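In my numbering, the protein residues as written are 1 to 710. Every residue gets a Cβ at the ideal spot worked out from N, C-alpha and C, and that includes glycine. Quick caveat: nothing in here was measured; it's all calculated off a predicted structure. Here is the structure we will look at.
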């Protein structure tokens, strides 16, 4: 049912003269014959009625077939939907134009060999509203064999095997060969062989010049039809009947209703000459008889209706005239229902409820209208301030306008207000050098947790906790919190780079009374007490730091920084040397912290910061830090970057301030929202790309963004 071969019909389009149409369609073995017939008839009619080029006609035919199948699939359930492949061709004297939709295939065997055109991976027929066909042009020569298949035969057999089958002499041998190649798979195909000699074309009812087209030998190879489908008649188009155009004044007689015509017989009306009078008189008599009969029928209907009315009236008259009592229809009356007693309290309560409901609805509507009006007014004011800030050339004036925008829209969560508030905050951040960076919380130690120092190394976080009665050294990693050491005399900790006697990085722990512990995985006992010589004078230092293989102690009482050089075994068992060989600066008396990157930065308790190099002070002036309050409590530097940025933990505004090596402001780091409230200490990662903060009893990891001073 899926193969069509048609010659030129009676009334084709002007450009379709001299063409032949072939179609091979496969919708699956379970598709009904009705669907096959509908799709192929629509494709054939569309091809022969389309004007223009042959490719346009083939494209329109493929689109019509796809639309018919797609429309069918949309009307039925999923199990009754079908998709398939289509191969249609228009053949002329020496050429063929083929269109492939879905997994179809076309091939031609000529003197030059086998030319195979497999369809690409295009959507099957009926899967989409619009098909994606592939056009193929095949020229013909003597003894050319054309194969049109609605199956991907190129996937089943090799081109050499297919060429051997198509090269056989008899068409029956070709069919047998194709059946052997496909095996148990079903195949719907059309085989056409072109020969030089062909019979003369049959005469047409209407004179028309035709191109002498050699007729091919056509053989159809198709799978057996489904069990419920019946054999379809061969596609034929009836011969065109002669036109009948009645002439005014010359009546034409039609065949009588009872007359039977043989199948295929064409009715040709008989036309009488104009001079003959008998047909005109006969027609007039027939019309008069028809009119008389119609009038008689109408009179008969009227008489029958009048007789029926008379019969009903006589029956009623006799019934009322004869003795007896006529029954009257009794219409029941409704019982009297007195009005219900009046409940004044209920009516008053109902009226009060209605009044309150109206008042509540009115108040809600006016409140909503008032909120909308207030929102629009505040949004308009904020937009005016934003425009003024964008036009202002003075940063101070622009800052005041942006701050006004934030103050006006502080409690407005409308999307427009949130967007304008975000714009204002971004503008202020740019003016203040604020870089919003994501902070990842790592551990929650509780809001009462207080720490003196934090150190980061080898994937661990070390915290020196300060309590009223004792001090604890914590080590935090992916596992639970571990206390390495507890001693009330613990002063400070510092992470050291590898040196001569230490095979790995180690943590130095400074205690009172000239005690020093090291935490090194190379030793079986950790932490272990290391040999150490106290600084001169017996004073207690306040901070410890390392740089390279050297150890530094900050001694405010002696107004000095002591430097220790390790022995060959890596122990600091020799006495220290003074960092300031001449006169030491006086501000060391209030020093609280220090960090070293080649330069020594000293932070004092009053928030001042000093820089020293080779035992001498270096000009360092802190300037340009935005904000009303600035109270640094800890600092950190990257030992791998000499004259690199200095990171300060600002407890006043919960931020990290970044300074250049000269003391000028570089940037400030803040979280995405809010501040790091209650910041206590900070430490730099070993790679220098992240900061670790302790704020509000929580440990955060902060990625350092791109800085202009780094």
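query                                                                                                               : result
Bounding residues of the alpha helix (DSSP H) (the contiguous stretch that carries residue 429)                     : 415-432
Runs of alpha helix (DSSP H) lying entirely within the stretch 368-404, each at least 4 residues, in chain order    : none
Cβ contact check for the stretch 128-144 and the stretch 171-185: 3 or more pairs under 8 Å                         : no
C-beta atoms of residue 552 and residue 563 nearer than 7 Å                                                         : yes
Contact check, residue 101 vs residue 116, beta carbons under 7 Å                                                   : no
Assigned exposure category for residue 614 - 16 Cβ within 10 Å defines buried                                       : exposed
Boundaries of the alpha helix (DSSP H) in which residue 55 is found, first to last residue                          : 54-75
Extent of the continuous beta strand (DSSP E) to which residue 555 belongs                                          : 550-555
Same chain, Cβ closer than 7 Å to residue 83, five either side skipped, listed in chain order                       : 124, 125, 126 and 127
Interface flag, residue 35 vs chain D, CB-CB below 7 Å                                                              : In summary, chain D is missing from the structure at hand, where a single protein chain is found.
Distance between residue 691 and residue 685 (C-alpha atoms, nearest Å)                                             : 6 Å
Extent of the continuous alpha helix (DSSP H) to which residue 161 belongs                                          : 159-166
Start and end residues, beta strand (DSSP E) containing residue 5                                                   : 3-6
Residues that residue 529 bridges to, as DSSP identifies them                                                       : 517
Collapsed DSSP secondary structure at residue 534 in the structure displayed                                        : coil
C-alpha distance - residue 299 paired with residue 49, whole-angstrom precision                                     : 55 Å
N-terminal and C-terminal residue of the alpha helix (DSSP H) that residue 171 is part of                           : 171-182
Simplified DSSP assignment, three categories, for residue 10                                                        : coil
Burial state of residue 366 (16 or more Cβ within 10 Å)                                                             : exposed
Identified DSSP bridge partners for residue 621                                                                     : The partner list for residue 621 (beta bridge, DSSP) is empty, contrary to what the question assumes.
C-beta atoms of residue 697 and residue 445 nearer than 7 Å                                                         : yes
Distance between residue 473 and residue 620 (C-alpha atoms, nearest Å)                                             : 34 Å
Of the residues 622, 627, 702 and 629, the one placed nearest residue 646, counting alpha carbons only              : 622
Proximity of residue 485 and residue 527 at Cβ, strictly below 7 Å                                                  : yes
Cβ contact check for the stretch 427-438 and the stretch 447-454: 3 or more pairs under 8 Å                         : no
For residue 646: DSSP bridge partner residues                                                                       : 637 and 659
Residue 700 (DSSP reduced to helix, strand or coil)                                                                 : strand
Touch test, the stretch 627-645 against the stretch 564-574, Cβ-Cβ under 8 Å, three pairs minimum                   : no
C-alpha distance - residue 488 paired with residue 414, whole-angstrom precision                                    : 55 Å
Beta-carbon spacing of residue 627, residue 653 below 7 Å                                                           : yes
Check whether residue 65 and residue 39 have beta carbons under 7 Å apart                                           : yes
Sequence-distant residues of the same chain with beta carbon closer than 8 Å to residue 590, five excluded per side : 556, 604, 605 and 606
Buried or exposed by the 16-neighbour rule on C-beta atoms within 10 Å, applied to residue 19                       : buried
Identity of the residue in 425, 288 and 378 nearest residue 673 by Cα                                               : 425
Which residues DSSP lists as bridging residue 88, in chain order                                                    : 23 and 99
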